[in-house]
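S.K.: Going by UniProt numbering, the first residue of the sequence shown is number 1, and it counts up by one from there.
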Amino acid sequence: MSIRAVGLFFICISFLTGLGLAYFTVNEAVTVNKDDTLYQKINDEKEKYEWAAEDAKIDPVWKKTPGIVGREVDVEASYKKMKKQGGYDPDRFVYKLIKPEVSMGDLPPSPIYRGHPAKEMVSFLINVSWGEEFIPDMVEIFSEHQVKATFFIDGEFAKEYTHLIQMIEEEGHIIGSHGYMHKDMAKMSKADSKNNLEQADELLFALTKEKVKYFAPPAGSYNEGTVEAAHEMGMETILWSVDTVDWKKPTKDVLISRVMSRLHNGATVLMHPTEVTVNSLPDLIEKIKKEGYHIAALPKLLSEER
1 MSIRAVGLFF ICISFLTGLG LAYFTVNEAV TVNKDDTLYQ KINDEKEKYE WAAEDAKIDP
61 VWKKTPGIVG REVDVEASYK KMKKQGGYDP DRFVYKLIKP EVSMGDLPPS PIYRGHPAKE
121 MVSFLINVSW GEEFIPDMVE IFSEHQVKAT FFIDGEFAKE YTHLIQMIEE EGHIIGSHGY
181 MHKDMAKMSK ADSKNNLEQA DELLFALTKE KVKYFAPPAG SYNEGTVEAA HEMGMETILW
241 SVDTVDWKKP TKDVLISRVM SRLHNGATVL MHPTEVTVNS LPDLIEKIKK EGYHIAALPK
301 LLSEER
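1) Taking the C-alpha atoms as reference points, what is the distance between L16 and G234?
2) Based on the DSSP output, what are the partners of F152 in its beta bridges?
3) Exposed or buried, N195, counting other C-beta atoms within 10 Å across all chains shown (16 or more means buried)?
4) Counting pairs of beta carbons, one from the segment 55 to 65 and one from the segment 30 to 41, are three or more of them closer than 8 angstroms?
5) For a quick check, are the C-beta atoms of D154 and E101 less than 7 angstroms apart?
6) Measure the C-alpha to C-alpha separation of V128 and V276 and round it to an integer number of angstroms.
7) Near K159, which residues of its chain fall below 8 angstroms by C-beta distance, leaving aside the five closest residues on each side in sequence?
8) Counting only C-beta atoms, is K41 closer than 7 angstroms to chain C at any point?
9) Which whole runs of the beta strand (DSSP E) in the segment 215 to 245 are 3 residues long or more, in chain order?
10) Which residue marks the beginning of the beta strand (DSSP E) containing M271, and which one marks its end?
11) Tell whether a beta-carbon distance below 7 angstroms holds between S123 and T268.
12) Are there 16 or more other CB atoms within 10 angstroms of the CB of R262, so buried, or fewer, so exposed?
13) Are there any heavy atoms of the ligand COA lying less than 6 angstroms away from the beta-carbon of E140, as far as the coordinates show?
14) Using a Cβ-Cβ cut-off of 7 angstroms (strictly less than) and excluding sequence neighbours within five positions of Y113, which residues of its own chain qualify?
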């Protein structure tokens with residue numbers, strides 16, 4: 001090959017690489033040698049870095065609990081990667097994700113109190129049937145701190161304050177149902193519960209054009225028929241594991257202390273649009289993040305992802 005041809009060859013390779021089209025290197029192919037001490041080392045150490053998948057289940061205390069994915073080491077892919085890059089390094093393990101065999105959708109109707117206990121994530125649940133004057137500030141604080149929450153909206157409230165519901169949705173938060181007119185659903189028949197939920201669902205769908213997937217019973221009051229009615233409508237019944245008790249108007253310090261002392265993996269933190277909640281949120285968010293938790297809306301908390 002002439003010098004000119006060689007030059008053109010490398011110019012072409014440089015161009016293709018810049019486009020992300022050239023991925024090969026000299027001697028890229030690595031033959032797997034199972035007798036290699038590197039291969040044996042990977043095989044011996046892999047269990048330290050693997051996680052078993054866990055199925056969704058009905059816990060006797062926490063009721064419906066999501067599963068979580070596992071992972072196993074792809075020994076051959078890990079060997080090839082380490083062989084090319086200079087030797088054994090656990091940071092270069094290649095993994096295969098293992099999905100649970102039982103998902104939340106496979107389980108019978110049951111309320112949900114928390115996410116998976118191995119998941120370093122918490123979720124804010126805001127029950128809304130009053131407190132309209134505080135919602136814009138809450139939404140602004142969440143935006144400033146890049147936090148997404150789940151707002152459970154009473155149907156009657158949605159009818160009166162449509163602009164607030166649209167504001168919440170436009171900011172990327174999840175809209176759930178809080179029923180209609182804040183009724184005690186534990187005192188209702190299954191048929192009455194379904195009728196109540198349908199009234200709220202129609203109003204929320206008209207505003208958001210999204211099917212409601214989550215329902216929080218007013219005051220956490222429900223019976224078996226309530227949960228079954230929600231399930232038949234494609235909704236999960238959501239309760240909580242940490243309560244701010246903000247409706248009793250505690251001080252900011254008391255509210256933050258109450259939450260932080262009870263925080264755990266997979267926690268669901270109940271709050272309402274109140275003055276003390278608005279005043280507490282910036283510091284509360286920072287403290288939760290400093291403890292190493294991610295804050296996300298319910299779909300992420302309840303997903304099987306780690």
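Even for Gly, the Cβ is constructed at its ideal location relative to N, Cα and C.
M.R.: Reading from the atomic positions:
1) For this step, residue 16 is matched to residue 16 along the sequence shown. For this step, residue 234 is matched to residue 234 along the sequence shown. Only weak support exists for where L16 lies, its pLDDT of 38 falling under 50; the value from the coordinates is given anyway. C-alpha of L16 to C-alpha of G234: approximately 49 angstroms in a straight line.
2) Looking up residue 152 in the sequence shown gives position 152. According to the DSSP secondary-structure assignment, F152 is paired through a beta bridge with N127, G176.
3) As a working note, residue 195 is residue 195 in the sequence shown. Exposed, because fewer than 16 other Cβ atoms sit within 10 Å of the Cβ of N195.
4) No, the segment 55 to 65 does not touch the segment 30 to 41.
5) What you label residue 154 is simply residue 154 of the sequence shown in a count that begins at 1. What you label residue 101 is simply residue 101 of the sequence shown in a count that begins at 1. No. Outside cutoff.
6) Taking the first residue of the sequence shown as position 1, residue 128 is located at position 128. Taking the first residue of the sequence shown as position 1, residue 276 is located at position 276. V128 and V276: Cα-Cα distance of roughly 15 angstroms.
7) For the purposes of this step, residue 159 is taken as the residue at position 159 of the sequence shown. Within the same chain, K159 has close Cβ partners L203.
8) The displayed structure is made up of one protein chain only, and chain C is not part of it.
9) DSSP runs (the beta strand (DSSP E)) wholly in the segment 215 to 245: none.
10) Mapped onto the sequence shown, residue 271 falls at position 271. In this chain, the beta strand (DSSP E) harbouring M271 covers 268 to 271.
11) The sequence position of residue 123 within the sequence shown is 123, counting from 1. The sequence position of residue 268 within the sequence shown is 268, counting from 1. With contacts defined as CB atoms closer than 7 angstroms, S123 and T268 qualify as a contacting pair.
12) Locating residue 262 in the sequence shown gives position 262, where the first residue counts as 1. Counting the other Cβ atoms within 10 Å of the Cβ of R262 gives fewer than 16, which makes it exposed.
13) In the structure on display, the ligand COA does not appear, and there are no ligands present to speak of.
14) For this step, residue 113 is matched to residue 113 along the sequence shown. Once the five neighbours on either side are set aside, the close Cβ partners of Y113 are W62, K63, L239, W240, S241, T268.
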